Amino acid sequence: MSLDTRLRLCGYILALLGLWAVTLTEYFSPLWLIGGTAIVVIAWFYEGSRTYRDAAKRIWLALAVCMLLFFPFDVALFGNLLIPAVHLSMFAQAYSLLNPKGMKAYRRMLLVSFVQLLAATNLTSGMAFAVILTAYCITAVYCVALMYLQRGMQTFGKSANGADGEQRAPAGLLASSAFWSIVLVPVSLALFYSAPRMHYALIARGNPTEVLNQMNRAGQRAGFTKTIELGTFGRIQQDQTLVLRVDVSGGPAALKGPVRWRGGALNIYDGVAWGSSRDYFPYYNGKRWDTGGRNFGMIFPRGNDLYILDEDFANYEDVAQFDAVPNLVKQVFYVEIPYSDTVFGTGKLKAIHGPFRFGIGQDFNQSLTMNNRQALPELISYTVYAAVEQPDGSKLREISYEEMQELIEDESYGYYTATHYLQLPTSLNPRVRELAQEVARRAETPYDKVASLQKFLETEFTYSLDLARPMTDDPLYDFLFISRSGHCEYFATAMTIMTRCIGIPSRLARGFQQGDWNEDGGFFEVRQRDAHAWVEVYFPGYGWVPFDPSPRGEADQYFDSRQSPVMKALTRRLLTLQILWRRHVVGYNETARLRLFGEIRDLVFRRVPQGIMRLPGMILHVVLSLSPGQWVLLALPVALAVGIIAALRRARADILFALPWPRKRLGRVHHHIIFYGHMLRLLEKVKIRKPAHMTPHEFLEVPAVSNHPMFDDIRQLTALYYRVRFGNTSLAAAEATAIKDGLRRLRQSTPGILRSHFFKLHQTE
Numbered sequence: 014m015s016l017d018t019r020l021r022l023c024g025y026i027l028a029l030l031g032l033w034a035v036t037l038t039e040y041f042s043p044l045w046l047i048g049g050t051a052i053v054v055i056a057w058f059y060e061g062s063r064t065y066r067d068a069a070k071r072i073w074l075a076l077a078v079c080m081l082l083f084f085p086f087d088v089a090l091f092g093n094l095l096i097p098a099v100h101l102s103m104f105a106q107a108y109s110l111l112n113p114k115g116m117k118a119y120r121r122m123l124l125v126s127f128v129q130l131l132a133a134t135n136l137t138s139g140m141a142f143a144v145i146l147t148a149y150c151i152t153a154v155y156c157v158a159l160m161y162l163q164r165g166m167q168t169f170g171k172s173a174n175g176a177d178g179e180q181r182a183p184a185g186l187l188a189s190s191a192f193w194s195i196v197l198v199p200v201s202l203a204l205f206y207s208a209p210r211m212h213y214a215l216i217a218r219g220n221p222t223e224v225l226n227q228m229n230r231a232g233q234r235a236g237f238t239k240t241i242e243l244g245t246f247g248r249i250q251q252d253q254t255l256v257l258r259v260d261v262s263g264g265p266a267a268l269k270g271p272v273r274w275r276g277g278a279l280n281i282y283d284g285v286a287w288g289s290s291r292d293y294f295p296y297y298n299g300k301r302w303d304t305g306g307r308n309f310g311m312i313f314p315r316g317n318d319l320y321i322l323d324e325d326f327a328n329y330e331d332v333a334q335f336d337a338v339p340n341l342v343k344q345v346f347y348v349e350i351p352y353s354d355t356v357f358g359t360g361k362l363k364a365i366h367g368p369f370r371f372g373i374g375q376d377f378n379q380s381l382t383m384n385n386r387q388a389l390p391e392l393i394s395y396t397v398y399a400a401v402e403q404p405d406g407s408k409l410r411e412i413s414y415e416e417m418q419e420l421i422e423d424e425s426y427g428y429y430t431a432t433h434y435l436q437l438p439t440s441l442n443p444r445v446r447e448l449a450q451e452v453a454r455r456a457e458t459p460y461d462k463v464a465s466l467q468k469f470l471e472t473e474f475t476y477s478l479d480l481a482r483p484m485t486d487d488p489l490y491d492f493l494f495i496s497r498s499g500h501c502e503y504f505a506t507a508m509t510i511m512t513r514c515i516g517i518p519s520r521l522a523r524g525f526q527q528g529d530w531n532e533d534g535g536f537f538e539v540r541q542r543d544a545h546a547w548v549e550v551y552f553p554g555y556g557w558v559p560f561d562p563s564p565r566g567e568a569d570q571y572f573d574s575r576q577s578p579v580m581k582a583l584t585r586r587l588l589t590l591q592i593l594w595r596r597h598v599v600g601y602n603e604t605a606r607l608r609l610f611g612e613i614r615d616l617v618f619r620r621v622p623q624g625i626m627r628l629p630g631m632i633l634h635v636v637l638s639l640s641p642g643q644w645v646l647l648a649l650p651v652a653l654a655v656g657i658i659a660a661l662r663r664a665r666a667d668i669l670f671a672l673p674w675p676r677k678r679l680g681r682v683h684h685h686i687i688f689y690g691h692m693l694r695l696l697e698k699v700k701i702r703k704p705a706h707m708t709p710h711e712f713l714e715v716p717a718v719s720n721h722p723m724f725d726d727i728r729q730l731t732a733l734y735y736r737v738r739f740g741n742t743s744l745a746a747a748e749a750t751a752i753k754d755g756l757r758r759l760r761q762s763t764p765g766i767l768r769s770h771f772f773k774l775h776q777t778e
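Heads up, the sequence shown stops at 778 in our numbering, and the numbers go up one at a time, no gaps.
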């Protein structure tokens, strides 16, 4: 392949990678990706009009003026400079591709693609960008090398032409470009992990409209919604999008039973959808809670981004104290949905550690929200400490129905309980109440009544993701008496309403099932299909206890059957790589940078000195513990290594001359003339250096060389060098022997620094 063809191919690849980098983001539809790729392909076969070149220039000039005039309106439309700048870069790249190519065009393509790559760093955080970046670096280094090579050929002549007269690129240029790209990786990593971090993404900074739009799109996910409408989960639960990653200290065994990542609860049902009360609720788990007359309370950090949710831990000031509590499970959440404001967790949450600048909001349903509009949209990570143990059924069974009635009839708290957790829609069909009373009639305690309702729904109804349109305006009635099949929100709604019908406070909880455990990464993969709804029932003295009437096992078997074991394994490997990318690149912030520097400082100033001080004792302990047989096994490889090194020192010239690799690397003639370079290095030991402008014959006339005691050997080696180098002939066996002997005598005359000083004194005398 000729040099021009390689340069042209590199330019097109760079243009394609730059377009892919910016279009493979959520800010551009797939049509941009398809259109940009089509332009690059068309440009390979069409390089602009040559017949009507002046007319084409005028057309492109008019288009450029239109783009510049439209730019202010583009900025006003998107509310930022980044997206309009990307539009301009795409126009500039199209101009470079669809016009006659030259060195300037390739430089422009390289520059524009680099600008697009920089823009993509603020538009995406996916693993695809890492692949594009790697390919771009190798191609760009290779392209720059080709540009300098072509420029040198044009300046000094076409000395690298092939047999057909075309300019040829060196065969190893691409490999060397890849090598230097890899060499640059440690330097880039050092700069990346040492430079201060930008606090916010460019696309989000100063652009509240885009932030709100992103938050609305995130709210469309089932586990993040503020309301739940019956019938929506069936569509959402067929979505395989990753929404959460959860690292749990101790693994799945530490969670002790079924896991549900709770994102909040809803308490008002209007007959079709669930929502939250807007009335002020001054009680929290039966205790008066002062929130300043608002529907929610703000929880502010106690220090070091630590938010205390349980007053029993009010004196705790550091996460290390929570790590030391044995009955608390540490859960680290990585939210994959940009701009989401829901805080998740399982169990009774005691504390949260995370970079929430404006605190955490908590309503009377214990739904936690964060104001992250100024945070990085690509990655939200926080740590939750919770007690995951649930009260045993035997303990809940001790609560009598009279105690439950006392709670409801309380003068203050009972009013809010009846209003918010015993609320029933006015359109509720009377048959629903009759069914609930009939199912729970034989149970005596509140717990047994709730358990009987749960068992009834689990055994008498089926789970389905594909439901027909409801036959009436009451979806709950259709579920209980007509279809007897539905999604999890139907089961949860039915149990919540039926529990309220028998006078027991309850509410509907939303969030996700536990998801799949990733063995490679050591975390739970929680996808959109794991969106789930269940029931929380209030028991005096224990608070809200979860109940799940949905037979989700059938749905999980359905999803598992649609993917082969091989695809599951590949998906998990790819997800693990994506997690590492997002955790160590996208999620790397100023806090992580300071922590890294702290660990380095601790390593250099504490661990390494301590290790050095303990090293003599460790060595002495190892020496004293070795048996005679182990000493022999240890001495053999040491003696062998010493012998090999000594042999190499004695025969280094012969080995250098005899090794086959110089022949492959330098060619046949160059292999036979390396002895001259070895001779020059031996002379340099005695301060005799050959100037670059001096020929070998002129070098023989230098006094230091002509007075050398081994001048005859030097002259013979120079003559053989001339014959082989300029006569293009090979060495005979006798000549090769003469060269070895001459180099050996020359080396023996200058073995080291001491002999060099004696030789210099001898010359002086």
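Even glycine gets a Cβ: it sits at the ideal position worked out from N, Cα and C. Owing to the predicted nature of the structure, the values given are computational and were not obtained by experimental measurement.
Whole-angstrom distance between residue j and residue i, CA atom to CA atom
{"i": "F104", "j": "D323", "result": "57 Å"}
{"i": "P564", "j": "L470", "result": "9 Å"}
{"i": "A745", "j": "L730", "result": "14 Å"}
{"i": "V259", "j": "D318", "result": "19 Å"}
{"i": "E711", "j": "R736", "result": "16 Å"}
{"i": "L16", "j": "Y161", "result": "11 Å"}
{"i": "L489", "j": "T238", "result": "20 Å"}
{"i": "D529", "j": "E538", "result": "5 Å"}
{"i": "Q527", "j": "V261", "result": "11 Å"}
{"i": "L669", "j": "R164", "result": "In this prediction, L669 has a pLDDT of 45, which is less than 50 and means its spatial position is unreliable; what the coordinates show is noted afterwards. Cα-Cα distance, rounded: 37 Å."}
{"i": "Q253", "j": "E60", "result": "43 Å"}
{"i": "K70", "j": "L257", "result": "52 Å"}
{"i": "W57", "j": "G48", "result": "15 Å"}
{"i": "R758", "j": "I752", "result": "10 Å"}
{"i": "V285", "j": "I195", "result": "59 Å"}
{"i": "M417", "j": "F504", "result": "24 Å"}
{"i": "I658", "j": "L646", "result": "19 Å"}
{"i": "R586", "j": "M122", "result": "35 Å"}
{"i": "Y108", "j": "W73", "result": "8 Å"}
{"i": "L136", "j": "Y40", "result": "7 Å"}
For residue i, the three-state DSSP class (helix, strand or coil)
{"i": "K363", "result": "strand"}
{"i": "H634", "result": "helix"}
{"i": "R454", "result": "coil"}
{"i": "P641", "result": "helix"}
{"i": "L111", "result": "coil"}
{"i": "F58", "result": "helix"}
{"i": "P553", "result": "coil"}
{"i": "V715", "result": "coil"}
{"i": "T382", "result": "strand"}
{"i": "P443", "result": "helix"}
{"i": "D376", "result": "strand"}
{"i": "F560", "result": "strand"}
{"i": "R164", "result": "helix"}
{"i": "Y434", "result": "coil"}
Test item: CB-CB of residue i and residue j under 9 Å
{"i": "A34", "j": "L124", "result": "no"}
{"i": "R315", "j": "A522", "result": "no"}
{"i": "V548", "j": "Q467", "result": "yes"}
{"i": "A51", "j": "Q106", "result": "no"}
{"i": "K363", "j": "A337", "result": "no"}
{"i": "Y320", "j": "I393", "result": "no"}
{"i": "V332", "j": "F357", "result": "no"}
{"i": "T430", "j": "P339", "result": "no"}
{"i": "H366", "j": "F335", "result": "yes"}
{"i": "Y460", "j": "I515", "result": "no"}
{"i": "T506", "j": "V550", "result": "no"}
Original post:
Should the segment 690-706 be called in touch with the segment 744-764, which here means at least 3 C-beta pairs below 8 Å?
Top reply: Touching, yes, given that three or more Cβ pairs across the two stretches are closer than 8 Å.
**OP:** Determine, using beta-carbon pairs with one atom in the segment 147-158 and one in the segment 17-29, whether at least three such pairs fall under 8 Å.
**Re:** In this structure the segment 147-158 touches the segment 17-29; the number of beta carbon pairs closer than 8 Å is three or more.
Subject >> Ranges of the alpha helix (DSSP H) found wholly within the segment 488-542, counting only runs of at least 4 >> reply: Complete alpha helix (DSSP H) runs here, min 4: 488-491, 501-514.
Original post:
How do the segment 368-381 and the segment 401-408 stand: do at least 3 beta-carbon pairs fall below 8 Å, yes or no?
Top reply: With the cut-off at 8 Å, the segment 368-381 and the segment 401-408 do not touch.
**OP:** Could you tell me which uninterrupted alpha helix (DSSP H) segments, each at least 4 residues in length, are contained entirely in the segment 321-354, listed from first to last along the chain?
**Re:** Those alpha helix (DSSP H) runs which fall completely within the segment 321-354 and span 4+ residues are 332-336.
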